[in-house]
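I have placed the structure first, in the form of structure tokens, so that the comments after it can refer back to it.
Protein chains: 4
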Amino acid sequence: MIRAERLQRTCVPAVDEVLGVPLKVLDDGFVRVVDYMGSDESVVQAARVSYGEGTKKVSEDRGLIRYLLRHQHTTPFEMCEIKLHVRVPMDCWRQWIRHRMSSVNEYSTRYSVAIDAMQKTSPDAWRRQSADNKQGSSGSLDPAPGKRLTEREAEVHRLCREAYEERLKAGVAREQARKDLPLSTYTEAYWKTDLHNLLRFLHLRMAPNAQQEIRSYARLIGHEIVRRWCPLTWEAFLDYRVGGLALSRLEAEIIARIARGEPKAAEGLAEQAGWAKGKKNRERAEFDEKLKTLGLKAPWT
Amino acid sequence: MIRAERLQRTCVPAVDEVLGVPLKVLDDGFVRVVDYMGSDESVVQAARVSYGEGTKKVSEDRGLIRYLLRHQHTTPFEMCEIKLHVRVPMDCWRQWIRHRMSSVNEYSTRYSVAIDAMQKTSPDAWRRQSADNKQGSSGSLDPAPGKRLTEREAEVHRLCREAYEERLKAGVAREQARKDLPLSTYTEAYWKTDLHNLLRFLHLRMAPNAQQEIRSYARLIGHEIVRRWCPLTWEAFLDYRVGGLALSRLEAEIIARIARGEPKAAEGLAEQAGWAKGKKNRERAEFDEKLKTLGLKAPWT
Amino acid sequence: MIRAERLQRTCVPAVDEVLGVPLKVLDDGFVRVVDYMGSDESVVQAARVSYGEGTKKVSEDRGLIRYLLRHQHTTPFEMCEIKLHVRVPMDCWRQWIRHRMSSVNEYSTRYSVAIDAMQKTSPDAWRRQSADNKQGSSGSLDPAPGKRLTEREAEVHRLCREAYEERLKAGVAREQARKDLPLSTYTEAYWKTDLHNLLRFLHLRMAPNAQQEIRSYARLIGHEIVRRWCPLTWEAFLDYRVGGLALSRLEAEIIARIARGEPKAAEGLAEQAGWAKGKKNRERAEFDEKLKTLGLKAPWT
Amino acid sequence: MIRAERLQRTCVPAVDEVLGVPLKVLDDGFVRVVDYMGSDESVVQAARVSYGEGTKKVSEDRGLIRYLLRHQHTTPFEMCEIKLHVRVPMDCWRQWIRHRMSSVNEYSTRYSVAIDAMQKTSPDAWRRQSADNKQGSSGSLDPAPGKRLTEREAEVHRLCREAYEERLKAGVAREQARKDLPLSTYTEAYWKTDLHNLLRFLHLRMAPNAQQEIRSYARLIGHEIVRRWCPLTWEAFLDYRVGGLALSRLEAEIIARIARGEPKAAEGLAEQAGWAKGKKNRERAEFDEKLKTLGLKAPWT
């Protein structure tokens, strides 16, 4: 049915070029590709097992990959696998490790002395608490207080490391001595995942509301690694997931009223949904943003 | 930090009412709720652990659940679990079992004699192969050929069961005797999953392009069970996932041109994307559908 | 900390030799390696990330791999991935797909006409129902009844296929026409998993109580593929998992009494546990087997 | 086939008694059961779906559960689910979160101010680095150095918290301000998992070589919660997993020689395996321990 023939492993020269090369992130972090399996072609091959057909022209491959991504046919993307070696502050790693569909081996501070590096903040890199996003930041601190905080940070790092080394010297077990290391301490790990789960990671962690630190890693992995590895998938991902826009049933209905020149009807729908004029409403505020993107005007503004 | 107090288990009377009751599907299938854990409240509780705050008013719960679903903050939905007892033709079960994030114990035809029931097709229930969807159906066969196929189906069922029973009688092991049972043979299983993964199942299997058989199960589970169990989540799911509409970056840009009265610019974008007029293009055809829903007119039609 | 350097992908010539080559199983099935990532070395590398050390001598690699497997440190084995293309009867595939930690793309009989091949049973290959294992088989049928069942099997296959083709001819959708195909119908799939999960699959499916069909696949994958791919892991797997023997706390205590020449005490322990002499008891029967393997004699026999 | 009848949810009074009650761990941690689904009975029910039979007597339930656990038929144990609310130092949480088959919602220090509590070490609780286990501890420090380290710990905690609060006061975003919190800072989370995966967690984390902190949590969850919730499963778990002993093929063969009074043959096998006398060998050292437990004497000692 399906043609069986001798094979060579899929190989992506653009990735081979950077294999093992540490790509720098933050003040002392990096990401290196250690190994990979598959490519855009493997996605296509897996999707085509359904049809009992061999691979076709690149232009059709592109169309197929876009179709799969658009319709969330995600299993073919699982056929590609990548293994990275990363160096990350533990604080950032706490977010990273939440992605369960991956394999991980982390540097052990039970077995070995903790890496002697902590993420440092330069005086101009202290970010202000965002006023309207309780879990975000926006803008940065003035230089004077920034400088003071940076000095204080150095003091904290120094004391924490000293205390750590005193404990080791006194014969305390590494597993216990480490207990007061700051979250900014760097760790290293091998992290392996498949392309489908990597895209989920990137979608979440490249987003503007992701924390800046992990966003730096995610953007690097996306723009420098996935782009080389699976360029067709990467393009489709940018178009549909990153640049895409999702409308709820209600939002689509309101837009239809606006588009047909029935602003009263549009307003009526909004009111029924509890989007009363004047009153603050997060869902309507998000919709206003979408309307702006779509070049449409809300009747209630 | 978080208030700890004595608790009673979350209880949803609307589900308790149907606990254990077989809800019928197809000619001889069913779905029964056997047990569950959590409710809309548990989703809210899990989301609020972030804020160190207790539960608030129902109206805020609704807003929070909608927010979580809209922004794909999926982990709080994992806090609810449900266990179903289902009776399903094996053909349908082959699709069901593809959802890996679940726990399953199936009736064993190695251990016991296979269930003596196969899904039957009435003369008017033979569906035509769809012309434009290679993996779908549309419309149904005429009564005359339908009748003939139904008779033939009975013949197949009879022979398969006879052969199965002959083998058992001759002393053949059940594990081997079953090898030629038709895919329409009913099986039973306990199937347990969490609310997040159940919604993924429903999204995929309630969709118009899902096969009719599994769609019947999915619609029943959604409309009869999830609606009772987690009504706020169910409402949000219908609004955002089932009734929602996703636009790619390009589609949003073209719509903005159309909305601003710049049909030429809109056409230009479409052409750049390879959506040449006249030529058949699946992506553009899908976009035309979306424009219709949004009450907008494509400049190229 | 950890040395970062330019890399080449891990390559295992012994696997490359068979890449794409169909290895035959059953009357019409096969397994082909399509791609892989990693090797024994990658297991070692992942384990060593803990220690901040590079790879050492092969003899130490072997010791480390054995240690990891012995102590169920399973995560380093997840660093190796393999992708197979398999052709399997659906009946067997129903067992295969129960292994959830894997990625799958199966040939679609909604999209394409079902593969025209069903697993056939030769007259001497009908297995008897096991008397003491309700879900197993042992020995085979006499030639005369075997011949009769094989002829009957051909009849079933013929009718099922005819009915299937009649439906297609009458214009019935493929997704429905397939409903009465026998479970013996061959399907094909890409199946990808990691080494840790592959070993779990093999452990379960190579076992003497696994069904013969899937056991044939598992043995082939183990002895022909994993042995080539990760020879040190394979050897350790055979020693600890396949050839290993697990004793419960009670069993260990009874053995200690036997070894110290205290048969009365041994018997006392057995009795306390409800292993009364004479009465049939599955747990004790299994223990008797273990004693035999260990060259020890139960005092109660 | 399987009897379908109206049901009431499974209820375990012994767990209901402690529902919501914080069970104390370490100096300021706790574990609370928030909800659960299923019981020993649900394990049995799931296993019996295979046989198309209803529940039987308790004594048979016990036998069945022991059989399932002994033979690693793990899926029925997945039918039980438990949700805990835990308060844990982040250092310990880093190990906990490695168990991927679970659902988690953690207190967010992006959204809220970090919990103002860090795990403290009393002067007599500093553990020495183990000499023979690179990742363990054994014994404790003398009082004098212990006292000095405890004072120093307080200093570290004070400075870290001050620096944290200064940052907040200066308007720094919570997501960044937290970066130098010590790993000893307490966090809270809802953690939900099924009984099978909970047993894996307990097996690993109750083990003598697990770190003391997480071992305290694991022992509490096991002895105080699982014991109440699923007493038959708990008993079987202690017998087979915790108290069990695994022998490799080689070890079983050597024991057989010893038991048959053939010490030369036993030694020969050991030598072939590279367990040369005199030379240090971890595998043989572990075997010597096993022999001791089994009341047998190695011919090479």
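Protein chains in written order, with our numbering: chain A, 1 to 301; chain B, 1001 to 1301; chain C, 2001 to 2301; chain D, 3001 to 3301. C-beta atoms are modelled at their ideal positions from N, C-alpha and C, and glycine is treated no differently.
Asked: Taking only runs that begin and end inside the region 202-239 of chain A, name each unbroken beta strand (DSSP E) of 3 or more residues, in chain order.; Found: none
Asked: On the premise that M2079 of chain C lies in contact with V2043 of chain C, defined as a C-beta separation below 8 Å, what is that separation, rounded to the nearest angstrom?; Found: 6 Å
Asked: Is L3238 of chain D near A3273 of chain D, with beta carbons less than 7 Å apart?; Found: no
Asked: In chain order, what residues of the same chain lie with their CB nearer than 7 Å to the CB of E1253 of chain B, ignoring the 5 residues before and after it?; Found: L1269
Asked: Could you compute how far the alpha carbon of M2001 of chain C sits from the alpha carbon of Q2008 of chain C?; Found: Caution applies to M2001 of chain C, whose pLDDT of 49 falls short of 50 and renders its modelled position unreliable; the model cannot decide the point.
Asked: Using 7 Å as the threshold, is the C-beta distance between Y3164 of chain D and Q135 of chain A below it?; Found: no
Asked: For W126 of chain A, collect the residues of the same chain with a Cβ closer than 7 Å to its Cβ; drop the 5 residues on either side in sequence, then sort them by chain order.; Found: S140, L141, G146, L149
Asked: Which partner residues does V88 of chain A have in the DSSP bridge list?; Found: A:T187
Asked: Taking L1084 of chain B as the reference, which of B:R1219, B:M1101, B:A1189 has the closest Cα?; Found: B:A1189
Asked: For Q1095 of chain B, which residues from the same chain have a beta carbon less than 6 Å from its beta carbon, with the 5 sequence-adjacent residues on both sides left out?; Found: I1214
Asked: Among B:E1153, B:P1263, B:R1282, which one has its Cα closest to the Cα of L68 of chain A?; Found: B:R1282
Asked: Just to confirm my understanding: we take A218 of chain A, look at its own chain, exclude 5 residues before and 5 after, and list those with CB closer than 6 Å. What are they?; Found: L202, R205, M206
Asked: Kindly indicate the opening and closing residues of the beta strand (DSSP E) around S2042 of chain C.; Found: No beta strand (DSSP E) holds S2042 of chain C; the alpha helix (DSSP H) holding it covers 2040-2048.
Asked: State the start and end residues of the unbroken beta strand (DSSP E) segment that holds A1246 of chain B.; Found: 1245-1247
Asked: So what does D194 of chain A bridge to, in DSSP terms?; Found: A:E81
Asked: To the nearest angstrom, report how far apart L3245 of chain D and E81 of chain A are at their CA atoms.; Found: 36 Å
Asked: Rounded to whole angstroms, what is the Cα-Cα separation between L2183 of chain C and M1090 of chain B?; Found: 9 Å
Asked: Compute the distance between the beta-carbons of G3020 of chain D and A2256 of chain C, then report whether it is under 7 Å.; Found: no
Asked: I need the DSSP call for V3113 of chain D, collapsed to helix, strand or coil.; Found: coil
Asked: Using a C-beta to C-beta distance shorter than 9 Å, which residues of chain B count as neighbours of Y2107 of chain C?; Found: Result: empty, since nearest Cβ-Cβ is about 12 Å, beyond 9 Å.
Asked: Is I2115 of chain C closer than 7 Å to Y2186 of chain C when the C-beta atoms are compared?; Found: yes
Asked: Where does E2175 of chain C sit, in a helix, a strand or coil, going by DSSP?; Found: helix
Asked: Specify, as a first and last residue, the run of the beta strand (DSSP E) that V1031 of chain B falls within.; Found: 1029-1037
Asked: Let me make sure I understand the geometry here. Which of C:T2109, C:Q2211, C:A2154 has the alpha-carbon closest to that of M2118 of chain C?; Found: C:A2154
Asked: Looking at C-alpha atoms only, which residue of D:A3236, D:P3299, D:T3109 is the closest neighbour of H3071 of chain D?; Found: D:A3236
Asked: I'd like to confirm something about E1262 of chain B: is its beta-carbon nearer than 6 Å to some heavy atom of the ligand ZN, or not?; Found: Only the bare structure without any ligand can be found here, which leaves the ligand ZN out of the picture.
Asked: Taking 7 Å as the CB-CB cut-off, is C1160 of chain B touching chain C?; Found: yes
Asked: Between the region 3214-3240 of chain D and chain C, which residues of the former have CB atoms less than 8 Å from a CB of the latter, in chain order?; Found: L3238, D3239, Y3240
Asked: Alpha helix (DSSP H) containing Q3008 of chain D: first to last residue?; Found: Taken as a continuous stretch (DSSP letters only), Q3008 of chain D belongs to no alpha helix (DSSP H), as it is neither H nor E.
Asked: Looking at the strands, I want to know which residues DSSP matches up with P2182 of chain C.; Found: B:P1182
Asked: Between which two residues does the beta strand (DSSP E) carrying K24 of chain A extend?; Found: 23-25
Asked: Tell me whether the beta-carbon of V1046 of chain B lies closer than 7 Å to the beta-carbon of N3197 of chain D.; Found: As written in the sequence, residue 1046 of chain B is Ala, which differs from the Val given in the question. Cβ distance not < 7 Å, so A1046 of chain B and N3197 of chain D don't count as in contact.
Asked: In the DSSP assignment, what residue or residues form a beta bridge with M2118 of chain C?; Found: C:T2185
Asked: In three-state terms, what does DSSP make of R127 of chain A?; Found: strand
Asked: In whole angstroms, what separates the C-alpha of V3226 of chain D from that of R2200 of chain C?; Found: 26 Å
Asked: Strictly under 7 Å for the Cβ-Cβ distance: is L1009 of chain B near chain D by that measure?; Found: It should be pointed out that residue 1009 of chain B corresponds to Arg in this sequence rather than to Leu. Answer yes: the Cβ-Cβ gap between R1009 of chain B and chain D drops below 7 Å somewhere.
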